[in-house]
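Enquirer:
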Amino acid sequence: MPKALASASERASRAKHLGAPHVVPINDLVDEIGRAMGWANLPYIDPTFGGINSRALLVMKAPEEDADPSRTDHRFLSFDNNDDGAANMFEAFQRRGLARSLVLPWNVCPFPIVGYTPNAVERRRAAPFTRRLLGMLPALEVVVTLGGPARDGWRPSELHPGRKLNLIAGASPSPPGINTLKNRQSFDAAIDQLTQVLNR
């Protein structure tokens, strides 16, 4: 069911698995990012994802919405968050029969940003963390950027020089943009391409 993490008890249940072997190295990196950038309680990777075993990385721009730093209990990067963008991801995967254990969500800036779009300074500060993440993902085949800021901020020559990864770009799943026909088609096309890659 979409938006399952609206429930405090469900968040508490997921939090019990944050130390699972497939996600703990990434969640340790999240803690490191928080210390380095001065942000407490950044969102962790939902343990229902593939973690270090993932074949696909789904990239958006920065933590927001359910990842609001004002939340005092555990927050997650998750398709089950209590926001419409997450619900759109949930439904897109469910409709195609895609297993979330094959993928990992990330943000081109894995910390809150000042404006709508990550600026050059924010991207530069984020890049070393993303390179660290990519080094944890030996099975990674494809990067899917969702939204213009993620697409423009993902620079292969800086983030994975010498490593060939399939790149797919689509619109963000979040409203209001996703509510236009053009953006909905762009988002759906990106997830369809991802499905083809993962079903090989």
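My numbering numbers the first residue of the sequence shown as 25 and each following residue consecutively. Backbone N, C-alpha and C fix where the C-beta goes; we use that ideal spot for every residue, glycine too.
Do Pro197 and Gly109 have their C-beta atoms closer together than 7 Å?
Expert: It is a contact, given that the beta carbons lie within the stated cut-off.
Enquirer: Flag this pair as touching only if the region 186 to 194 and the region 204 to 220 have three or more C-beta atom pairs under 8 Å; answer yes or no.
Expert: yes
Enquirer: Where does Leu170 fall in DSSP's three states?
Expert: strand
Enquirer: Between the Cα of Ser78 and the Cα atoms of Gly159, Gly139 and Val138, which residue gives the shortest distance?
Expert: Of Gly159, Gly139 and Val138, the smallest CA-CA separation from Ser78 is found for Gly159.
Enquirer: Rounding to the nearest angstrom, what Cα-Cα distance links Leu101 and Val48 in this structure?
Expert: 14 Å
Enquirer: In three-state DSSP terms, what is Leu183?
Expert: helix
Enquirer: Bridge partners for Ala80 per DSSP, in chain order?
Expert: DSSP, once it has assigned bridges, lists Val127 and Val166 as partnering Ala80.
Enquirer: In this structure, how does DSSP classify Leu189 when only helix, strand and coil are distinguished?
Expert: coil
Enquirer: Restricting to Cα atoms, I'd like to know which of Phe153, Val132 and Asp97 is closest to Asn143.
Expert: Val132
Enquirer: Whose C-beta lies closer than 7 Å to the C-beta of Ile50 among residues of the same chain, with five residues either side of it excluded?
Expert: Ile69, Gly75, Ile76, Leu157 and Met160
Enquirer: With 16 as the cutoff for other CB atoms within 10 Å, does Ala174 come out buried or exposed?
Expert: buried
Enquirer: If you compare alpha carbons, which of Val167, Lys188 and Arg187 is closest to Trp178?
Expert: Per the Cα distances, Val167.
Enquirer: Comparing C-alpha positions only, which one of Gly43, Ala150 and Arg224 sits nearest to Thr72?
Expert: Gly43
Enquirer: So, at 8 Å on beta carbons, what are the nonlocal neighbours of Thr219 in its own chain, with the 5 sequence-adjacent residues on each side left out?
Expert: Arg120 and Leu122
Enquirer: Using only alpha-carbon positions, find the residue among Asp55, Asn106, Asn207 and Met61 that is nearest to Arg35.
Expert: Asn106
Enquirer: DSSP puts Tyr68 in a beta bridge; with which residues?
Expert: Phe100
Enquirer: Buried or exposed: where does Val138 fall if 16 or more other Cβ atoms within 10 Å of its Cβ makes it buried?
Expert: exposed
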